Amino acid sequence: MTDEKAAPVSGSILVVGGGISGLTTALEAAEVGYEVFLVEKNPYLGGRVAQLNQYFPKLCPPTCGLEINFKRIKDNPRIKVLTLAEVEKVEGGPGNYTVAVKLKPRYVNENCTCCGACADACQTEIASDYDFGMKQIKAAYLPFAMAFPARFVIAPEIVGTEDGQRAKQACPYDAVELEMQPKTLTLNVGAVVWATGWAPYDAKKMDNLGFGKYPNIITNMMMERLAAPNGPTLGKIVRPSDGKAPESVAFVQCAGSRDENYLPYCSYICCMASLKQATYLRSQYPEAKIYIFYIDLRAPGLRYERFYETIKKDPNVFFIKGKVAEVSADPATGNITVVAENAVTGEKIHQAVEMVVLATGMQPSAAVKKLPAAVKTSPDGFILNDYAAGGMLGAGCAHKPADVVSSNQNATGMALKAIQTLVRR
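So the sequence shown is numbered by the working numbering: it starts at 1491 and just counts up by one.
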């Protein structure tokens, strides 16, 4: 009796989204022999993980996992990376899709060595999207130190200006190419994996929580950038209004989650993200008081439960079970008063703190911008996978709220499902 294996058919896989789920899907498929097109709308790969200070389970900096994955992509000729690229249209069916991909100009070609001469010559500054607008950067920039592709970007704001010409003339390698134009590629693929990730819920929609009105109220992703060594404050957590080291901080859980007016579901990651960020504060400010206002605390799994138990033992961390109703600010000091009802005691609490962090919910990108394909989604924008049909699949946080570990596991499964689409046709 001989072993019989399904013979793979010719075909390629398109992975849309270059975050941790997209990277995993692309690598798993390519490393068993399939051609993969990896499309990312940003000028770099890494997605939300690249913006973090640390991630679970080991509280590693993002360089831990991303650096290895970037090297694997660089060494694998089966993966074609397209950055500043967005899918415009998908036609066809499982095993035979025609996909139109629009490429925006980077204005920097492959001659770039990341010498930085263009940035040195550039005078214009723009808000850093990578840092959620918390700092200004040159209009000729490298997105972050270990960005992949390792190539500068010229912001379109300076194309056609004297500043653009200064950047071009300063480059000793003829890498600045201001004549670049948008173009559209047509790809033929057998399967499409949508790893389009998530966006932090817009905290400005919650008028009662004061984001955008009071500078010392930030979101949890902004906290990640403040704590990151390559962030706007080089890792020092300070108040945005005056740069003061905060002596008290409140975390407001479920900011936009589990609320039928905003996101009706639990975003899964928010509780552990706030507990993790409490350790950021504790490492910098051992005497700071930390107040965590929550509806319920979710620690999914034994390891996370142990982490939660450790945080609870800290005498300077106070857990208050109660939903925050409103906040206000003292114009003289910039301090914030958080108002909530303690669900255990019934007491109405007015807690004054120097800074507030909103644990904003995880919203799938497909809810923010509709996917250009016949993909079924839930009312909240998460992709509903039809595994029997195959062809187009959602991976990671495009499919459901998930942390990094769960996203990687799910992405590996979606790589297999994409391959099965090709093999059985």
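The beta-carbon is built from N, C-alpha and C at its ideal position, and this holds for glycine as well. Given the structure is predicted, the values throughout are model-derived calculations rather than measurements.
Legend entry - Strand pairing of P1690, partner residues [DSSP]: M1852
Inset, instruction - Please classify P1533: is it buried, with 16 or more other beta-carbons within 10 angstroms of its beta-carbon, or exposed? - result: That one is buried.
Inset, instruction - Give the DSSP bridge partners of A1830, in chain order. - result: V1814 and I1839
Inset, instruction - Output yes or no for whether 8 angstroms exceeds the beta carbon distance between P1672 and P1595. - result: yes
Legend entry - Buried/exposed call for H1889, threshold 16 Cβ in 10 Å: buried
Legend entry - Local conformation of Q1899 per DSSP, three classes: Helix.
Legend entry - Beta-carbon proximity check, T1515 vs V1529, cutoff 8 angstroms: It is not a contact, given that the beta carbons lie outside the stated cut-off.
Inset, instruction - Kindly identify the DSSP beta-bridge partner or partners of F1741. - result: I1782 and V1847
Legend entry - Inter-stretch contact (C-beta, 8 angstroms, three-pair minimum) for the region 1783–1796 and the region 1810–1828: The answer is yes - the region 1810–1828 touches the region 1783–1796, with three or more Cβ pairs under 8 angstroms.
Inset, instruction - Confirm, please, whether the CB-CB distance from L1699 to L1572 is below 8 angstroms. - result: no
Legend entry - Reduced DSSP category for S1757 - H, G, I as helix; E, B as strand; rest coil: coil
Inset, instruction - Tell me whether D1493 is buried or exposed, calling it buried when 16 or more other Cβ atoms sit within 10 Å of its Cβ. - result: Confidence is the limiting factor: at D1493 the pLDDT is only 39, short of 50, which leaves the residue's position unreliable, though a coordinate-based value still follows. When all chains shown are included, D1493 counts as exposed.
Legend entry - Selection from Y1597, M1845 and G1523 that minimises the alpha carbon distance to D1732: Of all alpha-carbon atoms in Y1597, M1845 and G1523, the one lying nearest the alpha-carbon of D1732 is that of M1845.
Inset, instruction - Just confirm the distance between the C-beta atoms of Q1541 and Y1620, as a whole number of angstroms; I'd bet it's less than 8 angstroms. - result: About 7 angstroms separates the beta carbon of Q1541 from that of Y1620, a gap short enough to meet the 8 angstroms contact definition.
Inset, instruction - Identify, in the order they occur along the chain, each residue of the same chain with its Cβ nearer than 6 angstroms to the Cβ of M1711, setting aside the five sequence neighbours on each side. - result: P1690
Inset, instruction - Can you tell me the Cβ-Cβ gap for F1546 and K1838, rounded? I've got them flagged as a contact below 8 angstroms. - result: Between K1838 and F1546 the Cβ distance is about 34 angstroms, and since that is not below 8 angstroms, they are no contact.
Legend entry - Inter-residue spacing [alpha-carbon to alpha-carbon] between D1565 and N1559: 10 angstroms
Legend entry - A1629 beta carbon less than 8 angstroms from that of C1612: Result yes, Cβ atoms of C1612 and A1629 sit closer than 8 angstroms.
Legend entry - Whether K1592 touches A1575 by CB criterion (8 angstroms): yes
Legend entry - Alpha-carbon to alpha-carbon, S1764 and L1724: 20 angstroms
Legend entry - Through-space distance from N1678 to L1668, alpha-carbon basis: 30 angstroms
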